[in-house]
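K.L.:
The opening position of the sequence shown corresponds to residue 1 in the UniProt record's numbering, with each subsequent residue numbered one higher.
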Amino acid sequence: MSKNINELMVLRSSARAFAKELIINKQDVMDLIEAARMAPTSYGLQNFKIIHLPQSEFRESLNSLFYNQLNFITASDYFLFVADSGTKILNETIEKSVGDIMGDVTSEKSLNFINNIKNSYEVRFGDNERLANEWSSKSAYIASGIVTVAAAEKDIDTCIMEGFDGKKLNELFWEKNLIQKDEFICLGMALGKIFEETKNKNHAKKIRKKLVDFYKEVK
Ligand SMILES: Cc1cc2nc3c(=O)[nH]c(=O)nc-3n(C[C@H](O)[C@H](O)[C@H](O)COP(=O)(O)O)c2cc1C
Numbered sequence: 001m002s003k004n005i006n007e008l009m010v011l012r013s014s015a016r017a018f019a020k021e022l023i024i025n026k027q028d029v030m031d032l033i034e035a036a037r038m039a040p041t042s043y044g045l046q047n048f049k050i051i052h053l054p055q056s057e058f059r060e061s062l063n064s065l066f067y068n069q070l071n072f073i074t075a076s077d078y079f080l081f082v083a084d085s086g087t088k089i090l091n092e093t094i095e096k097s098v099g100d101i102m103g104d105v106t107s108e109k110s111l112n113f114i115n116n117i118k119n120s121y122e123v124r125f126g127d128n129e130r131l132a133n134e135w136s137s138k139s140a141y142i143a144s145g146i147v148t149v150a151a152a153e154k155d156i157d158t159c160i161m162e163g164f165d166g167k168k169l170n171e172l173f174w175e176k177n178l179i180q181k182d183e184f185i186c187l188g189m190a191l192g193k194i195f196e197e198t199k200n201k202n203h204a205k206k207i208r209k210k211l212v213d214f215y216k217e218v219k
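#1: Inspect the CB distances between the region 75 to 93 and the region 47 to 67 and report whether three or more fall short of 8 Å.
#2: Return the CA-CA distance between residue 79 and residue 122, expressed in angstroms with no decimal places.
#3: Quick test of your reading: residue 81 and residue 48, contact by CB under 8 Å. State the CB separation rounded to the nearest angstrom.
#4: Whose beta carbon lies closer than 6 Å to any heavy atom of ligand 1, going through the chain in order?
#5: Thinking just about the alpha-carbon of each residue, which of 191, 166, 219 and 89 is nearest to the one in residue 67?
#6: Could you check whether residue 15 and residue 190 sit closer than 8 Å to each other, using their CB atoms as the reference points?
#7: When you compare each of 6, 110, 168 and 147 to residue 159 by their alpha carbons, which one comes out closest?
#8: What would DSSP say about residue 188, mapped onto helix, strand or coil?
#9: According to DSSP, simplified to helix, strand and coil, what is residue 79?
#10: In chain order, what are the residue ranges of uninterrupted alpha helix (DSSP H) at least 4 long that sit wholly in the region 122 to 160?
#11: Tell me residue 54's beta-bridge partners as DSSP assigns them.
#12: Check the DSSP bridge columns for residue 48 and list the partner residues they point to.
#13: Go ahead and label residue 183 buried or exposed: buried means 16 or more other beta carbons lie within 10 angstroms of its beta carbon, across all protein chains shown.
#14: Straight-line CA distance for residue 187 to residue 102?
#15: Report yes if the C-beta distance between residue 86 and residue 133 is below 8 Å; otherwise report no.
#16: Determine the DSSP secondary structure at residue 183, reduced to helix, strand or coil.
#17: The alpha helix (DSSP H) that contains residue 26, what's its start and end?
#18: Looking only at C-alpha atoms, which of 155, 97, 135 and 32 sits nearest to residue 22?
#19: Relative to the alpha-carbon of residue 113, which residue among 142, 62 and 45 has its alpha-carbon at the smallest distance?
This is the structure we're talking about:
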């Protein structure tokens, strides 16, 4: 019987290891990528994308950059979220997404929209690229939450992961031309099926703030 979102959120847990031989079917993987593609982004900038790593020798060669975490090593599939840097956003992403939204980049309306976004960027980040990059990566984080729920609905286990050597990983991907110099990997996500025994053990351990500490109504 299908579960509602609240039930899925209580029952899901971050997978620390997967049954490596249980491979997710390609259509489910593509459905999850589609869920991420449909995620909202600030101003509709669409400032991130996903690199999909199925099990492969290449992925195995990255194990140490993920500190040999079992969830990376044993995942059926792994998503790398790649965000546009502040430089790319200013040089390319804003015009591109306004063009997508408005159908042109030359009308007064479109030019105003572009200027609004650029002004807001200037006020918030000035020439602080690092701050802009942090902001840019938020889109990927939002999408990763959506994929988490979409996967749970398919009974696919996941783990969002920040635990990797971002400097070395990005250098490798830049060097291999797998991402552009003005893009960076900001987040990872392991997907697969965990062993049933582990599942039950983890569910008992769900640790969250009490509702009274988490929620406050202000009128
Ligand atoms: C942004 C973020 C980064 C995370 N990084 C890792 C990671 O590198 N390795 C890992 O095993 N779990 C990672 N987790 C999973 C958390 O440890 C997990 O969500 C948390 O302990 C709550 O447990 P639950 O998801 O099972 O309810 C990450 C979660 C988030 C949201």
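Even for Gly, the Cβ is constructed at its ideal location relative to N, Cα and C.
P.N.:
Result, derived from the coordinates:
#1: Three or more beta-carbon pairs drawn from the region 75 to 93 and the region 47 to 67 are found closer than 8 Å, and the two stretches are therefore classed as touching.
#2: Straight-line Cα distance between these residues: approximately 31 Å.
#3: About 6 Å; that satisfies the 8 Å criterion.
#4: Cβ-based neighbours of ligand 1 within the cut-off: 13, 14, 16, 69, 71, 159, 160, 161, 162, 163 and 206.
#5: Of the listed residues, the one whose Cα sits closest to residue 67 is 166.
#6: Result yes, Cβ atoms of residue 190 and residue 15 sit closer than 8 Å.
#7: Ranked by Cα distance from residue 159, the first of 6, 110, 168 and 147 is 147.
#8: Look at residue 188 here: in three-state DSSP terms it is strand.
#9: Residue 79: strand per DSSP, three-state reduction.
#10: The region 122 to 160 contains these whole alpha helix (DSSP H) runs: 129 to 153.
#11: According to DSSP, residue 54 bridges with 77.
#12: Its beta-bridge partners are 83.
#13: Buried is the label assigned to residue 183, since at least 16 other Cβ atoms lie within 10 Å of its Cβ.
#14: C-alpha separation (whole angstroms): 30 Å.
#15: For residue 86 and residue 133, yes; Cβs fall inside 8 Å.
#16: Residue 183 carries a strand assignment under DSSP once its states are collapsed to helix, strand and coil.
#17: Under the DSSP assignment, residue 26 falls in the alpha helix (DSSP H) whose first and last residues are 26 to 37.
#18: Shortest Cα-Cα distance from residue 22 to any of 155, 97, 135 and 32 involves 155.
#19: Checked all of 142, 62 and 45; the closest Cα to residue 113 is 45.
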